[in-house]
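**Q** Below: one structure in structure tokens.
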Amino acid sequence: MSNPICLNVLAKDLENAKQITEATKGNVYIGIMVKNFADVEAAVTQVNSYQEAGIPVSVGLGAGDPKEWRRVIDVAVKTKPVHVNQIFPAAGYTLGALERAGSSRTLVNALVAPAGSPGKVSILTGPLSKEYKDVISCEAAAALMQEIGVKSVKFYPIEGCKRLDEVAAMVKAAVKYGITIFEPTGGIDAKSVFPVVKTCLENGVQFVIPHIYTAFVDKETRVTNAEAVAALTNALLL
1 MSNPICLNVL
11 AKDLENAKQI
21 TEATKGNVYI
31 GIMVKNFADV
41 EAAVTQVNSY
51 QEAGIPVSVG
61 LGAGDPKEWR
71 RVIDVAVKTK
81 PVHVNQIFPA
91 AGYTLGALER
101 AGSSRTLVNA
111 LVAPAGSPGK
121 VSILTGPLSK
131 EYKDVISCEA
141 AAALMQEIGV
151 KSVKFYPIEG
161 CKRLDEVAAM
171 VKAAVKYGIT
181 IFEPTGGIDA
191 KSVFPVVKTC
201 LENGVQFVIP
211 HIYTAFVDKE
221 TRVTNAEAVA
231 ALTNALLL
């Protein structure tokens, strides 16, 4: 995408996804969470239907559930979406599986978690490793990502604007190692996204993908407000 900011949002169904994509002129990722499906084939069917309609799909875990990492790979390999969300321990495996499947265009992120102290993060975001509290420096995490070929950092949860100093530290480390895509997520809404994006861009990334999964969703109908997504996208790009 040519713009420096692209929101990652949810859609209730195919029609809603089409509305969002049209309203944003395609500058959006529509998240499809594998956890919401009974099996891999059901998820593949939905991803394919979205992609056939020209919708840029982001295949995700579902509430950051690390147990879904393998199904994310299985769905991604069969559909070759534009974007994939993945836990840190499985990011390299995902890249390899996609390359073997003939897809080098899919952007795969690696999930790292803030540790409560600027300059430190946890890469233990897998189903077993998440039980451990060990942390490493942001620089070490970024170096590992560079070594395995990951080009985007997913930073979760940032809790709105509460962790901007930690975001800044991880961004700086990522940029140092040539990783210039950053995906903040967790508690971001239409107001807090502004300082979050500003922090990311000021510290050197070239492309920011804020994940805003609930702020635009009508609580009763579950429909995402396409015009609100487009309005926020335009405001962020000003």
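Residue 1 is where the sequence shown starts when you use our numbering, and the numbers rise one by one after that. Virtual Cβ for every residue (Gly too), placed ideally from N, Cα, C.
For Y93, which three-state DSSP category applies?
**A** helix
**Q** Buried or exposed: which applies to L237, given that a residue is buried once 16 or more other Cβ atoms fall within 10 Å of its Cβ?
**A** exposed
**Q** Kindly identify the DSSP beta-bridge partner or partners of G31.
**A** S58
**Q** Check for me: the alpha helix (DSSP H) holding T140 runs from which residue to which?
**A** Before going on, a small fix: residue 140 reads as Ala here, not Thr. That run of the alpha helix (DSSP H) goes 138–148.
**Q** Near V135, which residues of its chain fall below 7 Å by C-beta distance, leaving aside the five closest residues on each side in sequence?
**A** If you ignore the 5 residues before and after V135, its C-beta comes within less than 7 Å of the C-beta of A115, K120, V121, S122, all in its own chain and listed in chain order.
**Q** Count Cβ pairs between the segment 123–133 and the segment 176–188 that sit closer than 8 Å; are there 3 or more?
**A** no
**Q** Please name the residue, chosen from G102, P118, N48, A174, that lies closest to N109 on a Cα-to-Cα basis.
**A** A174
**Q** Exposed or buried, R163, counting other C-beta atoms within 10 Å across all chains shown (16 or more means buried)?
**A** buried
**Q** Could you give the distance in angstroms between the alpha-carbon of T214 and the alpha-carbon of V205?
**A** 25 Å
**Q** So within the segment 172–207, which uninterrupted alpha helix (DSSP H) runs reach at least 4 residues, ignoring any that extend past its ends?
**A** 193–202
**Q** How many angstroms separate the CA atom of G96 from the CA atom of F207?
**A** 23 Å
**Q** Quick check on this structure: which residue in A230, T233, E220 has the alpha carbon closest to the alpha carbon of K12?
**A** E220
**Q** For P118, which of V171, A43, P195 has the nearest alpha-carbon?
**A** V171
**Q** For I55 and A17, which I take to be in contact (beta-carbon distance under 8 Å), what is that distance rounded to the nearest angstrom?
**A** 5 Å
**Q** By Cβ distance below 7 Å, which residues in the same chain neighbour K35 in space, the five residues on each side in sequence not counted?
**A** L61, G62, A63, D65, E68
**Q** Grouping DSSP H, G and I as helix and E and B as strand, with all else coil, what is K219?
**A** coil
**Q** Can you grab the Cα-Cα spacing for the pair T94 / H83, in whole Å?
**A** 12 Å
**Q** Only counting the same chain, and skipping five residues up and downstream in sequence, which positions put a Cβ closer than 7 Å to that of Y156?
**A** G64, L111, A113, T185, G186
**Q** Roughly how far, in whole angstroms, is the beta-carbon of T233 from the beta-carbon of L14, given that I think they are within contact range, below 8 Å?
**A** Their Cβ separation, rounded to whole angstroms, is 21 Å, which puts T233 and L14 out of contact at 8 Å.
**Q** On a CA-only basis, which of F216, A91, K78, V217 is nearest E147? Give me that one, please.
**A** A91
**Q** Extract the residue ranges of the alpha helix (DSSP H) inside the segment 72–133, only unbroken runs of 4 or more that lie entirely within it.
**A** 88–100
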